[in-house]
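Chemist: I am attaching a structure below and will ask some questions about it afterwards.
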Ligand code: HEM
Ligand code: SF4
Ligand code: SF4
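What follows is the structure, given as structure tokens:
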């Protein structure tokens, strides 16, 4: 095992996860004000329509597929029939491409619209650029190293599981083509920058809205004397 | 009966002189920060007009408030369902844009000092406060249609004119018959707020003790649904911090016994503030009524603070004796519930707004006869025509009904009959040129009594500061002590903790990441 490999495939993932969790928690408890999607729709509407909604839908589906693939038992049964695998691969590639295009729309919007430039911070640029590279590499891999939905289960998944078990087994990934390795490392790079950027909006997705009553009332004094109702 | 207390308000439109002092008082205290330049938590509109933001009353455009299904009588958010909120979260199709308000600007004043010597006067060009770049033509601003400025573009498109006949619309714009009045607006601190219901993060809440609606800046995640959800467009997006903000009813002032700044500053003294008690159990019933019953339904949600049954239930709910006493002295209770003179703005939005308006007295129509300018029907019968003249108001009843009673013209008539009765009665007393017969007729039509007229007149014309603003005892220390007699500073057995009360910012509210 070469030192670089250990640094990249053992140390770096652990550092990324540690950063994501520790800085994320720090930010949540000490700067909750900044936990936000920082919507810029109020300043610009049209490009955002073509950027934001399709981008998020494409990306969330891709992300869901990456997570589903980690459940190898389920996933291998799911993609076993070729009648499913082929459309799935095609669909994935299409989604990947559209996510690149729509993120491109968002990128250009940030670059060219003077109003949006005023509400863009350095972390915003960092996030969009890293995402863009990761997506571009992902799409390249999808197009030129077919059947990723299969070999993903035998390379990245066991590697990540070994990391989770604290028994790093990097042989699953070290001999892969460098571009695939880049994609794997890109995922952890995103985790590493997650707590420093607006990406934190992902973990505050307001799912509780679905079962919360419409109206929210907060009492200053806990109503100890209030009748039971 | 679930009795709760609410700080609520009355604006007496007859007295508003459209000076915008209220707006400035508010801006100086709360919204002179970057990102809030265009926020007017208090704004004053000219009616007829399109308001601020442009056409805010048009809910087909902005989809604010609630909507009643005529078949089931059930009420739902007009914006979208809960699932719709989560699927539209990446892009809110009904979000107003900054251009629906205006791009805030300042002027290049420096050029006035630094311009090189030349044949022409130097100018101060407008500069956008968002981008910092020059703006060639300023196309919109606050009060852009003040006093009917630009009527063909603004006043003509007032959504409330929709139901008027072309005849009525024309007469409202005839020279010599022209009419407008002012409509100051702040957040209504509704009982069934659309902003709270629309916020998926649960960042907006109503304070239990006084009903003030606030946005937690720590919990707001810029999902920006509240801006659409509020039919009055009284949630403003801070484009710089990426958070929604709204009128806080100056709660830090209220908690120290002062009325809100806009109330305090009001030149026309049109504003009243007081506590009312209401029955939270009846809200669902009230908002489900058909349009024409909404005002009456809202009145019936408000409780009589002298009723022993109400007092008993209020106490059981932890409302203190002192608060009940303040509710009994409330001018809002009188104007809205007792005298039925004040009306909610656009009750058909079904948020149960807790700011009520006494509609303005209207000039009657006039005609030119042989070069003499005469009010319609005046002359022959002394002052009595004032009674008959209601239908000849320059502002058609239908227009006022569209604003204040969800189209119920009878309610508007009743309010005006009472307002007219007060005038005729007081004229009878002070000037004495009205016959007792006319007074009797007026009182009867207005369904009022001499005593009531006198009380209305007094609270309308001569109220003291303390009569206008019956600021309830909201001081937190007092509230705590009142409610928990067993509290002991020695043992420090307080039910609240430091970080839970008062201003919570320990870091500047701006982007850091
Ligand atoms: C969990 C569900 C998610 C929700 C509800 C969500 C919601 C949002 C919202 C409301 C915005 C602001 C759009 C605006 O300007 O109005 C936004 C922006 C953004 N989101 Fe998400 N998001 C989610 C997941 C993600 C994920 C998984 C990623 C990437 C890995 C992501 C990346 C971004 C980026 C890069 C922007 C900035 C776009 C720009 O340049 O304006 N989001 N998101
Ligand atoms: S008027 Fe105020 S309380 Fe009512 S919905 Fe709008 S912001 Fe909310
Ligand atoms: S300060 Fe009073 S009188 Fe002046 S515009 Fe505001 S509400 Fe009207």
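Chains as they are written, first to last, in the numbering used here: chain A, 160 to 388; chain B, 24 to 536.
Virtual Cβ for every residue (Gly too), placed ideally from N, Cα, C.
(1) I believe residue 246 of chain B touches residue 282 of chain A by the beta-carbon criterion, under 8 angstroms. Please report the beta-carbon distance rounded to the nearest angstrom.
(2) Under three-state DSSP, which class holds residue 376 of chain A?
(3) Given a threshold of 16 other Cβ atoms within 10 Å of its Cβ, counted over all protein chains shown, does residue 308 of chain A qualify as buried or as exposed?
(4) Closer than 8 angstroms between beta carbons: that is the criterion. Which residues of the segment 210–231 of chain A meet it against chain B?
(5) Please output, in chain order, the residues near ligand 3 using a CB cut-off of less than 7 angstroms to any non-hydrogen atom of the ligand.
(6) Classify residue 231 of chain A as helix, strand or coil using the three-state DSSP reduction.
(7) Quick one, are the C-beta atoms of residue 295 of chain B and residue 33 of chain B less than 8 angstroms apart?
(8) I'd like to check one pair, residue 268 of chain B with residue 363 of chain B: are the Cβ atoms closer than 8 angstroms?
(9) Going by alpha carbons, who is nearest to residue 164 of chain A out of A:344, A:199, A:362, A:353?
(10) Just checking residue 112 of chain B against ligand 1 - is the residue's beta carbon closer than 7 angstroms to any of the ligand's heavy atoms?
(11) Hey, could you find the ends of the beta strand (DSSP E) residue 116 of chain B is sitting in?
(12) Less than 8 angstroms between the beta carbons of residue 250 of chain B and residue 78 of chain B, yes or no?
(13) Buried or exposed: which applies to residue 310 of chain B, given that a residue is buried once 16 or more other Cβ atoms fall within 10 Å of its Cβ?
(14) Could you tell me the alpha carbon to alpha carbon distance between residue 382 of chain B and residue 226 of chain B, rounded to whole angstroms?
(15) Closer than 8 angstroms, CB to CB, is residue 230 of chain B near chain A or not?
(16) Spell out whether any CB of chain B is found under 8 angstroms from the CB atom of residue 375 of chain A.
(17) Chain A partners of residue 262 of chain B, CB-CB under 9 angstroms?
(18) Roughly how far, in whole angstroms, is the beta-carbon of residue 256 of chain B from the beta-carbon of residue 76 of chain B, given that I think they are within contact range, below 8 angstroms?
(19) Mind checking who residue 297 of chain B pairs with in its DSSP beta bridge?
(20) Using beta-carbon positions only, say whether residue 254 of chain B and residue 217 of chain B come within less than 8 angstroms of one another.
(21) Measuring straight from C-alpha to C-alpha, what distance separates residue 155 of chain B and residue 53 of chain B?
(22) Would residue 130 of chain B and residue 149 of chain B qualify as a contact pair, given that the criterion is a beta-carbon distance under 8 angstroms?
(23) From the beta carbon of residue 28 of chain B, is the nearest beta carbon of chain A less than 8 angstroms away?
(24) Taking 8 angstroms as the CB-CB limit, is residue 363 of chain A close to chain B?
(25) Within its chain, find whatever has a CB closer than 7 angstroms to the CB of residue 336 of chain B; leave out the 5 residues flanking it on each side and keep chain order.
(26) Should the segment 366–378 of chain B be called in touch with the segment 306–322 of chain B, which here means at least 3 C-beta pairs below 8 angstroms?
(27) With a threshold of 8 angstroms between beta-carbons, can residue 154 of chain B be considered close to chain A, or not?
(28) Residues in its own chain within less than 6 angstroms of residue 277 of chain A by CB, not counting five upstream and five downstream?
(29) I need the straight-line Cα distance from residue 111 of chain B to residue 248 of chain B, nearest angstrom please.
(30) For the segment 167–197 of chain A, which residues have a CB atom closer than 7 angstroms to at least one CB atom of chain B, in sequence order?
(31) Who are the neighbours of residue 284 of chain A on chain B, taking C-beta pairs under 8 angstroms?
(32) On a CA-only basis, which of B:419, B:530, B:474 is nearest residue 188 of chain B? Give me that one, please.
(33) Just mark residue 393 of chain B as buried or exposed, buried being the case when its beta carbon has 16 or more other beta carbons within 10 Å.
(34) With 16 as the cutoff for other CB atoms within 10 Å, does residue 162 of chain A come out buried or exposed?
(35) Name, going along the chain, the residues of the segment 121–140 of chain B whose beta-carbon falls closer than 8 angstroms to a beta-carbon of chain A.
Modeler: Looking at the coordinates:
(1) Between residue 282 of chain A and residue 246 of chain B the Cβ distance is about 20 angstroms, and since that is not below 8 angstroms, they are no contact.
(2) Taken through DSSP and simplified to helix, strand or coil, residue 376 of chain A comes out as strand.
(3) Residue 308 of chain A is buried by the Cβ-count criterion.
(4) Those would be 211, 212, 214, 215, 216, in chain order.
(5) Screening all residues for a C-beta within a distance smaller than 7 angstroms of any heavy atom in ligand 3 leaves B:34, B:38, B:39, B:40, B:41, B:42, B:43, B:44, B:45, B:46, B:67, B:205, B:207, B:285, B:288, B:289, B:290, B:291, B:293, B:294, in chain order.
(6) Reduced to three states, the DSSP call for residue 231 of chain A is helix.
(7) Result yes, Cβ atoms of residue 295 of chain B and residue 33 of chain B sit closer than 8 angstroms.
(8) Not a contact, by the Cβ cut-off of 8 angstroms.
(9) Checked all of A:344, A:199, A:362, A:353; the closest Cα to residue 164 of chain A is A:344.
(10) For residue 112 of chain B, the CB falls within less than 7 angstroms of some heavy atom of ligand 1.
(11) First-last for residue 116 of chain B: undefined, no H or E at that position.
(12) Not in contact: residue 250 of chain B and residue 78 of chain B (Cβ atoms no closer than 8 angstroms).
(13) Taking every protein chain shown into account, the CB of residue 310 of chain B has 16 or more other CB atoms within 10 angstroms, so this residue is buried.
(14) In a straight line, the C-alpha of residue 382 of chain B is about 34 angstroms away from that of residue 226 of chain B.
(15) Residue 230 of chain B has a beta carbon lying within less than 8 angstroms of a beta carbon in chain A.
(16) Yes, contact with chain B.
(17) Listed by position along chain A, the residues whose Cβ is nearer than 9 angstroms to that of residue 262 of chain B are 199, 201, 202, 274, 277, 278.
(18) Contact flag correct, Cβ pair sits at about 5 angstroms.
(19) Residue 297 of chain B has B:31 as its beta-bridge partners, per DSSP.
(20) With contacts defined by Cβ atoms closer than 8 angstroms, residue 254 of chain B and residue 217 of chain B form a contacting pair.
(21) Note on geometry: alpha-carbon atoms of residue 155 of chain B and residue 53 of chain B lie some 22 angstroms from one another.
(22) At a Cβ-Cβ threshold of 8 angstroms, residue 130 of chain B and residue 149 of chain B count as neighbours.
(23) Nearest CB-CB separation between residue 28 of chain B and chain A: not below the 8 angstroms threshold.
(24) Residue-level contact by beta carbon holds for residue 363 of chain A and chain B, with a gap shorter than 8 angstroms.
(25) Listed in chain order, the non-local C-beta contacts of residue 336 of chain B below 7 angstroms within the same chain comprise 24, 26, local neighbours out to five positions each way being set aside.
(26) Result yes; three or more Cβ-Cβ pairs closer than 8 angstroms.
(27) Interface residue (Cβ-Cβ distance to chain A less than 8 angstroms): residue 154 of chain B is classified as such.
(28) Answer for residue 277 of chain A: no residue qualifies.
(29) One C-alpha to the other measures close to 9 angstroms.
(30) For the segment 167–197 of chain A, which is checked against every Cβ of chain B, the residues closer than 7 angstroms are 190, 191, 192, 193, 194, 195, 196, 197.
(31) Going along chain B, no residue has its Cβ under 8 angstroms from residue 284 of chain A, so there is no contact; the nearest lies around 12 angstroms.
(32) With distances taken between CA atoms, residue 188 of chain B lies nearest to B:419 out of B:419, B:530, B:474.
(33) Under the 10 Å beta carbon count, residue 393 of chain B is surrounded by fewer than 16 other beta carbons and is classified as exposed.
(34) By the neighbour-count rule (16 or more Cβ atoms within 10 Å), residue 162 of chain A is not buried but exposed.
(35) Contacts with chain A (Cβ-Cβ distance below 8 angstroms) from the segment 121–140 of chain B involve 121, listed in chain order.
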